[in-house]
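Note sheet for the following structure.
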Amino acid sequence: MKTLLKNRELSAFLAILALFAVLVALNPAYLSLQTLGMIFASAQILILLALGAALVMLTRNIDVSVGSTVGLSAIAVGVALNNGYSLPVSMLFALSVGALAGAFNGFLWWRCASRRLSPPSARWGCIAGRCCSGPVESGLKGYRRAEIPL
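Numbering follows the numbering used here, in which position 145 of the sequence shown is assigned residue number 201; successive positions increment by one, without gaps.
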């Protein structure tokens, strides 16, 4: 029991296995290759985001701007698609918007670190600025290609 309490990764893994066992007991069709493939396919984006945040955490820092940068990039691709650009161009636009937001956050971190300020405070300032600008969908009328009202 002490091993479980000390090893958080093992505890989390066993909790996931227990949850999976309960789901299989409730519905035996849940245990199929198609279900497992769908679970892993839907987790790919989160895994990539976690890898990016892990690089920052390895340097003993914290990055809270991942979610807001992803949201900004998602809005950028939606706006580009609504304005008639093709999917590859819209994706490149979203990648460039995300890269610019990341570069701006990196610049703020560097300036704060050089002035002996707390770098996470700069990132919280960026997130607060994005939150004060209103909800993400406030300026959008809908996604015309899929007829999804916002």
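Backbone N, C-alpha and C fix where the C-beta goes; we use that ideal spot for every residue, glycine too.
Let me check understanding here. Comparing Cα to Cα, which of 109, 85, 59 and 95 lies closest to residue 72?
Here the closest residue by C-alpha is 95.
Specify, as a first and last residue, the run of the alpha helix (DSSP H) that residue 134 falls within.
Per DSSP, residue 134 belongs to the alpha helix (DSSP H) from 122-138.
Considering just the uninterrupted stretch of the alpha helix (DSSP H) at residue 103, what are its terminal residues?
89-114 is the extent of the alpha helix (DSSP H) around residue 103.
Thinking C-alpha only, which one of 92, 124, 85 and 165 is nearest residue 105?
Comparing Cα positions, the closest option is 124.
Taking the CB atoms as reference points, tell me whether residue 132 and residue 149 lie closer together than 9 Å.
Going by C-beta atoms, residue 132 is nearer than 9 Å to residue 149.
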